[in-house]
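Top line first, the protein sequences correspond to chains A and B. Residue numbers for the first sequence follow the numbering used here, so the first one is 181 and each next one is one higher. Residue numbers for the second sequence follow the numbering used here, so the first one is 181 and each next one is one higher.
Protein chains: 2
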Amino acid sequence: MWAELLPVGRSSASGGYRRYAWTGADADCRAWFREQAEARGLAHETDRNGNQWAWLGDPAAGNAVVTGSHLDSVPDGGAFDGPLGVVSAFAALDELRGRGARFTRPLGIVNFGDEEGARFGLACVGSRLTAGALTVEQAHRLTDGDGVTLPRAMEAAGYDPDTLGPDPERLARIGAFVELHVEQGRALDLSGDRIGIASAIWPHGRWRFDFRGEANHAGTTRLADRHDPMLSYAETVLAARREAELAGAVATFGKIGVEPNGVNAIPSLVRGWLDSRAADQTSLDTVVTGIEKAAREHAAAQGVDLDVVRESFTPVVEFDHALRDELARILGTRTDLRVPVLGTGAGHDAGILSDRIPTAMLFVRNPTGVSHSPAEYAAEDDCVAGVTALADVLEGLACT
Amino acid sequence: MWAELLPVGRSSASGGYRRYAWTGADADCRAWFREQAEARGLAHETDRNGNQWAWLGDPAAGNAVVTGSHLDSVPDGGAFDGPLGVVSAFAALDELRGRGARFTRPLGIVNFGDEEGARFGLACVGSRLTAGALTVEQAHRLTDGDGVTLPRAMEAAGYDPDTLGPDPERLARIGAFVELHVEQGRALDLSGDRIGIASAIWPHGRWRFDFRGEANHAGTTRLADRHDPMLSYAETVLAARREAELAGAVATFGKIGVEPNGVNAIPSLVRGWLDSRAADQTSLDTVVTGIEKAAREHAAAQGVDLDVVRESFTPVVEFDHALRDELARILGTRTDLRVPVLGTGAGHDAGILSDRIPTAMLFVRNPTGVSHSPAEYAAEDDCVAGVTALADVLEGLACT
Numbered sequence: 181m182w183a184e185l186l187p188v189g190r191s192s193a194s195g196g197y198r199r200y201a202w203t204g205a206d207a208d209c210r211a212w213f214r215e216q217a218e219a220r221g222l223a224h225e226t227d228r229n230g231n232q233w234a235w236l237g238d239p240a241a242g243n244a245v246v247t248g249s250h251l252d253s254v255p256d257g258g259a260f261d262g263p264l265g266v267v268s269a270f271a272a273l274d275e276l277r278g279r280g281a282r283f284t285r286p287l288g289i290v291n292f293g294d295e296e297g298a299r300f301g302l303a304c305v306g307s308r309l310t311a312g313a314l315t316v317e318q319a320h321r322l323t324d325g326d327g328v329t330l331p332r333a334m335e336a337a338g339y340d341p342d343t344l345g346p347d348p349e350r351l352a353r354i355g356a357f358v359e360l361h362v363e364q365g366r367a368l369d370l371s372g373d374r375i376g377i378a379s380a381i382w383p384h385g386r387w388r389f390d391f392r393g394e395a396n397h398a399g400t401t402r403l404a405d406r407h408d409p410m411l412s413y414a415e416t417v418l419a420a421r422r423e424a425e426l427a428g429a430v431a432t433f434g435k436i437g438v439e440p441n442g443v444n445a446i447p448s449l450v451r452g453w454l455d456s457r458a459a460d461q462t463s464l465d466t467v468v469t470g471i472e473k474a475a476r477e478h479a480a481a482q483g484v485d486l487d488v489v490r491e492s493f494t495p496v497v498e499f500d501h502a503l504r505d506e507l508a509r510i511l512g513t514r515t516d517l518r519v520p521v522l523g524t525g526a527g528h529d530a531g532i533l534s535d536r537i538p539t540a541m542l543f544v545r546n547p548t549g550v551s552h553s554p555a556e557y558a559a560e561d562d563c564v565a566g567v568t569a570l571a572d573v574l575e576g577l578a579c580t
Numbered sequence: 181m182w183a184e185l186l187p188v189g190r191s192s193a194s195g196g197y198r199r200y201a202w203t204g205a206d207a208d209c210r211a212w213f214r215e216q217a218e219a220r221g222l223a224h225e226t227d228r229n230g231n232q233w234a235w236l237g238d239p240a241a242g243n244a245v246v247t248g249s250h251l252d253s254v255p256d257g258g259a260f261d262g263p264l265g266v267v268s269a270f271a272a273l274d275e276l277r278g279r280g281a282r283f284t285r286p287l288g289i290v291n292f293g294d295e296e297g298a299r300f301g302l303a304c305v306g307s308r309l310t311a312g313a314l315t316v317e318q319a320h321r322l323t324d325g326d327g328v329t330l331p332r333a334m335e336a337a338g339y340d341p342d343t344l345g346p347d348p349e350r351l352a353r354i355g356a357f358v359e360l361h362v363e364q365g366r367a368l369d370l371s372g373d374r375i376g377i378a379s380a381i382w383p384h385g386r387w388r389f390d391f392r393g394e395a396n397h398a399g400t401t402r403l404a405d406r407h408d409p410m411l412s413y414a415e416t417v418l419a420a421r422r423e424a425e426l427a428g429a430v431a432t433f434g435k436i437g438v439e440p441n442g443v444n445a446i447p448s449l450v451r452g453w454l455d456s457r458a459a460d461q462t463s464l465d466t467v468v469t470g471i472e473k474a475a476r477e478h479a480a481a482q483g484v485d486l487d488v489v490r491e492s493f494t495p496v497v498e499f500d501h502a503l504r505d506e507l508a509r510i511l512g513t514r515t516d517l518r519v520p521v522l523g524t525g526a527g528h529d530a531g532i533l534s535d536r537i538p539t540a541m542l543f544v545r546n547p548t549g550v551s552h553s554p555a556e557y558a559a560e561d562d563c564v565a566g567v568t569a570l571a572d573v574l575e576g577l578a579c580t
């Protein structure tokens with residue numbers, strides 16, 4: 181199962197994955213999901229927002245237990261982020277059938293569409309639309325780097341964009357959603373545990389900093405006559421690191437766009453994107469306010485205009501306490517492993533859905549902490565422990 | 181004449197010009213040049229390296245006087261950089277015919293190909309090849325951002341790349357080359373003069389700084405675990421400004437490439453290009469050595485690898501003293517204008533050719549100093565003064 185998915189959307193140059201929403205690689209992932217469902221005799225459907233579902237039992241019966249994750253990737257992402265949760269879902273079902281488990285609740289396996297937001301710049305589009313956390317009008321305005329809108333990309337992939345929108349009936353049938361995911365930091369590695377349960381997702385957001393200066397000749401323009409936005413950008417990158425260190429948070433400038441981007445031209449525009457997250461809202465506000473203040477001071481000193489736009493924001497997400505405690509109780513009775521509870525800085529579909537339905541997450545140890553990189557890794561033993569833990573949880577929740 | 185050229189290759193979005201070598205806009209510029217030559221009864225040819233020539237009289241007679249410049253542009257460049265020299269060449273010929281001047285030497289008007297290097301990253305390709313300052317092998321390896329090589333781009337434009345190479349016979353027939361160009365700084369504006377004569381071109385070069393770190397998740401990777409090349413880049417941008425200020429030179433990071441360039445990914449690679457120039461070689465060495473030293477220190481502290489590659493370098497160019505003095509003498513007898521002699525930080529085809537044939541340059545005042553920008557400007561009066569001065573010079577050199 182894993183072996184068939186591994187080559188899909190993999191770049192021979194970087195070894196990383198480029199599975200972007202509504203591309204050929206995405207279609208291949210979706211075909212793989214369909215085959216896995218059919219091989220197990222599961223009913224299969226794609227919902228109005230492009231999320232894929234496989235069902236054991238009739239979801240119309242309600243109180244379904246759903247597990248799964250996503251199959252798309254960031255640019256040059258790793259093999260585990262997303263796919264591990266979907267592969268583990270099918271593997272856990274196989275394990276439960278091997279155990280002879282009898283299901284008393286419908287079981288769903290899901291592949292949420294466009295979780296990473298690599299193509300249209302907004303993460304978790306499939307779950308946001310379903311939860312009503314992204315309006316249809318906002319979704320229609322999403323545009324990729326080539327100017328292709330989300331509706332046109334869906335059409336080109338053979339899907340109907342007119343069906344996009346909130347799906348409360350679907351959510352009403354789900355009693356619990358459990359997402360298994362490779363950890364994206366080193367907390368489990370540092371504590372020496374294979375498996376963890378999520379407590380909360382840090383609040384996080386993306387801000388676009390547009391520094392506008394004056395394009396000019398790099399060889400003939402006196403330093404005193406320059407309005408060079410690259411200097412303001414550089415000062416801001418360093419300020420972001422300082423502010424994050426002070427607050428025990430993270431802040432990153434990982435994406436940049438420069439105009440005209442010529443070797444011998446002082447730029448007219450440097451556009452930098454800030455990603456920042458912190459354990460609580462107050463810390464995050466402090467970090468971002470500090471970065472913006474530093475950026476404005478440096479821009480003003482250099483005669484550079486600055487616009488700061490918040491492109492997305494997700495408040496702190498506390499996962500359902502009752503479901504979290506239930507997972508801890510189930511795993512406590514069925515495994516000898518210690519299963520710590522830990523927070524995370526990464527966003528997930530489970531976070532988006534958490535204010536509509538009870539959600540929980542299981543993390544599998546990441547020995548290097550490396551994520552969103554071809555070097556992302558999880559040991560086979562730990563992945564197997566993840567499948568077993570997920571099977572235990574599903575059995576505890578959905579079987580007699 | 182000027183009006184016909186103005187719309188060619190102009191971006192409606194920026195108002196700037198995008199006339200890159202061997203593109204459709206370049207072909208339109210070449211058609212314009214051919215029409216101007218034919219309208220004046222001049223013989224027309226494109227040489228083996230893609231430079232266009234128009235001739236009054238037989239160049240085989242030798243000791244020709246040549247004027248002209250280039251028609252291509254940087255990304256979103258201005259209307260004057262290059263075209264002013266070609267338009268003024270044709271206008272000066274018209275002026276001399278109006279004066280009834282009788283030519284005793286062949287007169288050539290030239291449009292050098294790919295002066296700005298916007299597409300293939302190397303400036304003055306046409307004149308470098310002609311002078312033997314760029315080998316055929318090097319030219320064949322030039323590749324644009326889409327992976328198209330120079331030979332394939334020439335072929336696609338209908339030219340034969342197999343003819344590329346040094347052209348000493350052509351250069352041997354030229355007794356003097358005078359290039360008129362809009363000034364790219366504010367020296368004439370500050371001194372209050374319409375026209376200047378070039379003394380020298382500052383030594384200048386381009387260096388590529390490859391900072392390689394470790395791609396990772398921007399939300400979950402602890403600051404202490406990061407190897408973020410964007411931080412090393414930012415420190416280096418600021419170091420470049422400091423070093424240039426100390427040396428009275430210029431240093432610019434105007435072009436950047438980031439991988440994977442995702443909002444929530446710490447970059448694996450930040451590639452920045454440094455353009456630096458100074459009045460003399462020692463100052464330039466001091467600046468670049470200082471920048472590289474700072475870059476290495478910051479990269480090492482952040483666990484980032486750094487490669488620095490010098491992509492191009494042009495030593496100081498002193499224009500021919502005898503020709504320069506001759507220009508000053510001619511203008512001194514024919515105009516009341518003061519014509520100062522000044523250096524420049526910009527490279528030109530005249531600089532490339534200066535160690536093969538006697539070359540000189542005339543500058544026209546730039547009231548804002550803005551260059552390589554849609555806002556580049558020269559006043560009509562000053563352009564007319566430039567045409568008159570060029571006509572005076574050509575008459576003094578080539579007419580009885």
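For each residue, glycine too, the CB sits at the ideal point set by N, CA and C. Quick caveat: nothing in here was measured; it's all calculated off a predicted structure.
Interface flag, residue i vs chain B, CB-CB below 7 Å
i: A/Phe292; result: no
i: A/Met334; result: no
i: A/Pro447; result: yes
i: A/Val550; result: yes
i: A/Ala414; result: yes
i: A/Glu423; result: no
i: A/Gly327; result: no
i: A/Gly442; result: yes
i: A/Gln364; result: yes
Cβ of residue i within 7 Å of any chain A Cβ
i: B/Val305; result: no
i: B/Glu212; result: The sequence given here places Trp at residue 212 of chain B; Glu does not occur at that position. Answer no: the Cβ-Cβ gap between B/Trp212 and chain A never drops below 7 Å.
i: B/Glu295; result: no
i: B/Met410; result: yes
i: B/Gln232; result: no
i: B/Ala526; result: yes
i: B/Phe433; result: yes
i: B/Leu455; result: Residue identity check: residue 455 of chain B is Asp in the sequence provided, not Leu. Taking Cβ atoms only, chain A reaches closer than 7 Å to B/Asp455, which makes this a yes.
i: B/Gln318; result: no
i: B/Asp256; result: yes
i: B/Val438; result: yes
Residue i - partner residues in DSSP beta bridges
i: A/Met541; result: A/Glu359
i: A/Thr247; result: A/Ile289 and A/Val358
i: B/Ile602; result: No statement about residue 602 of chain B is possible, as the shown extent of chain B runs from 181 to 580 and does not include it.
i: B/Cys579; result: B/Phe283
i: B/Gln216; result: Answer is none; B/Gln216 lacks a bridge partner.
i: B/Tyr197; result: B/Arg190 and B/Gly257
Distance cut-off 6 Å: residue i Cβ against heavy atoms of the ligand MN
i: B/Val188; result: Ligands are entirely absent from the displayed structure, and the ligand MN is therefore not among its contents.
- Item | Contacting positions in the stretch 552 to 575 of chain A - beta carbon closer than 7 Å to chain B | His552 and Ser553
- Message: Between the stretch 281 to 295 of chain B and the stretch 219 to 230 of chain B, can you find at least three pairs of beta-carbon atoms closer than 8 Å?
- Response: yes
- Three or more beta-carbon pairs under 8 Å between the stretch 470 to 486 of chain B and the stretch 414 to 434 of chain B, yes or no? yes
- Item | Sufficient close CB pairs (3 or more, under 8 Å) joining the stretch 368 to 377 of chain A to the stretch 514 to 525 of chain A | yes
- Message: For the stretch 472 to 497 of chain B, list every residue whose C-beta sits within 7 Å of some C-beta in chain A, in sequence order.
- Response: none
- Message: Does the stretch 529 to 549 of chain B come into contact with the stretch 433 to 451 of chain B, if we say contact requires no fewer than three beta-carbon pairs (one atom in each stretch) closer than 8 Å?
- Response: no
- Message: Runs of 3 residues minimum, wholly inside the stretch 357 to 384 of chain B: which ones carry the beta strand (DSSP E) assignment?
- Response: 375 to 381
- Message: At a CB distance below 8 Å, what residues from the stretch 373 to 405 of chain A approach chain B? Give them in sequence order.
- Response: Trp382, His384, Arg386, Glu394, Ala395, Asn396, His397, Ala398, Gly399, Thr400, Thr401, Arg402, Leu403 and Asp405
- Message: Three or more C-beta pairs under 8 Å: does that hold for the stretch 320 to 339 of chain A against the stretch 268 to 281 of chain A?
- Response: no
- Three CB pairs or more closer than 8 Å across the stretch 336 to 356 of chain B and the stretch 202 to 219 of chain B: yes
- With 7 Å as the C-beta to C-beta threshold (strictly closer), list the residues of the stretch 350 to 362 of chain A near chain B in chain order. none
- Starting from the N-terminal side, write out each stretch of the alpha helix (DSSP H) that is 4 residues or longer and does not extend beyond the stretch 435 to 518 of chain A. 461 to 481 and 501 to 514
- Stretch-stretch touch, CB-based, cutoff 8 Å, three pairs: the stretch 375 to 382 of chain B with the stretch 490 to 501 of chain B: yes
- Query: Counting pairs of beta carbons, one from the stretch 557 to 569 of chain A and one from the stretch 391 to 401 of chain A, are three or more of them closer than 8 Å?
  - Reply: no
- Counting only runs that start and end within the stretch 320 to 350 of chain A, where is the alpha helix (DSSP H) found for 4 or more residues in a row? 330 to 336
- Report yes or no: do three or more beta-carbon pairs, one from the stretch 257 to 264 of chain A and one from the stretch 189 to 203 of chain A, lie closer than 8 Å? yes
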